[in-house]
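2 protein chains.
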Amino acid sequence: MTDPRTDPRWLDATEMAAWRAFLSTSHLLERRIEEQLKAAAGLTHPQYEILVRLADAPGRQLRMTELARGVVASKSALTYQITQLEKAGLVRRATCPSDDRGVLAVLTEAGMSCLERVAPGHLEIVREYLIDRLSREELRAMTSAMRKSEEALRSSV
Amino acid sequence: MTDPRTDPRWLDATEMAAWRAFLSTSHLLERRIEEQLKAAAGLTHPQYEILVRLADAPGRQLRMTELARGVVASKSALTYQITQLEKAGLVRRATCPSDDRGVLAVLTEAGMSCLERVAPGHLEIVREYLIDRLSREELRAMTSAMRKSEEALRSSV
DNA sequence: GTACTGTCGTTCGAATTTGAACGACCACTG
DNA sequence: CAGTGGTCGTTCAAATTCGAACGACAGTAC
């Protein structure tokens with residue numbers, strides 16, 4: 001068995017601490033956010049993210065595949081969630097004019113106002129447990145770090 | 001409607017970019033890790049994390065509740081996963097000598113060697129898509145940031 | 001001892017996610 | 001035009017997660 005401190009397949013103490021902190025924090029944040037959204041609006045976090053992406057998109061609509069990429073969900077999970085949001089009247093499906101295979105997810109007016117109503121409470125959690133706790137420098141470094149990782153992950157598929 | 005750029009309930013562009021990068025990266029990393037673990041060992045990420053925590057614990061054993069805190073899982077999710085790991089022979093349950101309500105999850109020899117076999121491939125992913133992409137400074141800042149957030153989240157429960 | 005309050009881990013049904021398989025359609029080749 | 005490979009979104013069964021409810025036990029008060 002090789003020495004964990006020199007074997008490149010392992011992480012040293014600093015690296016392991018970084019990784020575990022990242023992992024725990026992302027899980028804890030996810031839990032906290034889920035709890036807040038459920039209590040405030042009966043939404044799940046994936047559903048909220050879908051609304052955000054649609055609100056930002058031109059025409060407040062996106063192709064299913066593109067939306068799935070954006071929110072990092074599987075195709076089948078997105079199909080399910082869009083169906084749920086459609087039942088709630090926050091999103092509707094439309095046929096894609098340029099591609100008969102395609103389906104557009106469109107944010108309804110009800111969906112937009114729901115998002116506007118829910119966003120402040122949600123972002124307050126993000127502030128309280130993450131953003132507001134970080135120095136300018138930490139925020140900058142974290143963004144840079146996350147972007148590097150994200151790019152590596154997205155370009156590897 | 002208030003101006004999003006001055007309303008403290010919203011995030012400015014820099015903060016929002018940081019948050020979104022964090023969110024996307026954590027989801028993408030989770031996906032990538034899940035895929036690697038499944039292919040290499042038929043393990044899920046939660047299962048792997050359980051093995052790691054047990055391996056680190058004194059006597060390679062932990063109370064269910066303590067383990068649930070460590071891996072950030074609900075009690076029922078942990079019950080389920082420990083049952084799965086028990087079927088696989090990687091973990092066994094033991095009664096807690098000091099508290100008849102308690103159950104100890106104990107890492108078996110098979111569990112320990114499974115972990116040793118799987119860890120390198122797993123950590124290689126963590127390196128490739130996160131750790132090795134960061135500068136010393138980014139790693140330091142990210143760790144500091146994550147710890148602050150984690151502490152806030154854990155102490156709020 | 002009895003009662004009370006809280007913690008422990010499990011169980012249950014409901015909701016969600018996953019990956020594979022599928023039919024429909026697109027774009028290109030010959 | 002027929003054929004071919006690839007993409008699109010959906011469907012399905014299986015696996016996993018969640019929260020509420022539960023019985024069992026611990027710790028304390030009286």
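Sequence order for the protein chains is F and X.
So that you can map any letter, position 44 of the first sequence is 44 in the UniProt record's numbering, and since no number is skipped, the others follow by simple counting.
So that you can map any letter, position 40 of the second sequence is 40 in the UniProt record's numbering, and since no number is skipped, the others follow by simple counting.
Yeah, the Cβ is synthetic: ideal placement off N, Cα and C, and Gly gets one too.
Own chain residues within Cβ distance below 7 Å of residue i, not counting five before or after
i: X/I125; result: R32, I33 and Q36
i: X/A152; result: none
i: F/R5; result: Note that F/R5 scores 46 on pLDDT, short of 50, meaning its location in the model is unreliable; the coordinates nonetheless yield the value given after this. Counting only Cβ-Cβ distances below 7 Å, and skipping sequence neighbours, we find D12.
i: F/L78; result: M64, L67 and A68
i: X/R92; result: E86, V106 and T108
i: X/L130; result: L29
Residues near residue i by beta carbon distance below 8 Å, same chain, minus five either side
i: F/S74; result: A68
i: F/T95; result: G102, V103 and L104
i: F/P46; result: V71, A73, A77 and Q81
i: X/E138; result: none
Chain-ordered neighbours of residue i on chain F, where CB pairs are closer than 7 Å
i: X/R60; result: Going along chain F, no residue has its Cβ under 7 Å from X/R60, so there is no contact; the nearest lies around 17 Å.
i: X/S129; result: With the sequence shown as reference, residue 129 of chain X is identified as Tyr, and Ser is not the correct amino acid for it. Under the 7 Å cutoff, chain F gives S149, A152 and L153.
i: X/R32; result: L153
6 Å Cβ shell around residue i - same chain, five flanking residues per side excluded
i: F/T2; result: Bear in mind that the predicted position of F/T2 carries a pLDDT of just 49, short of 50, making it unreliable; the figure below should be weighed with that in mind. Hits under 6 Å: none found.
i: X/L115; result: L51 and A55
i: F/A41; result: V118
Sheet register partners of residue i (DSSP bridge)
i: F/Q61; result: F/V106
Cross-chain neighbours of residue i in chain X, by beta carbon under 8 Å
i: F/E24; result: The question names Glu, but residue 24 of chain F is Ser in the sequence shown. Residues of chain X passing the Cβ test: V72, M146 and E150.
i: F/L67; result: Result: empty, since nearest Cβ-Cβ is about 13 Å, beyond 8 Å.
i: F/E35; result: By Cβ distance, chain X contributes nothing, its closest Cβ being about 10 Å from F/E35, past 8 Å.
Contact belief for residue i with residue j at Cβ below 8 Å, rounded distance in angstroms
i: X/R53; j: X/V71; result: 6 Å
i: X/T25; j: F/M146; result: 4 Å
i: X/A21; j: F/E150; result: 6 Å
i: X/A110; j: X/G89; result: 5 Å
Closer than 9 Å at the beta carbon, the chain X residues around residue i
i: F/R117; result: Under the 9 Å cutoff, chain X gives no residues; its nearest Cβ is about 11 Å from F/R117.
i: F/L11; result: L123, V126, R127 and I131
i: F/T44; result: Result: empty, since nearest Cβ-Cβ is about 14 Å, beyond 9 Å.
Within chain F, the residues that residue i reaches when beta carbons sit closer than 9 Å
i: X/M142; result: A18, A21, F22, E138, A141, M142, A145 and M146
Partners in chain F for residue i, counting only beta-carbon separations shorter than 8 Å
i: X/L107; result: Per Cβ cutoff of 8 Å: no residues; X/L107 is ~17 Å from chain F at best.
Pick out the complete beta strand (DSSP E) segments inside the UniProt domain "HTH marR-type" (15-151) of chain X, 3 residues or longer, and give them in chain order. 61-63, 91-95 and 103-107
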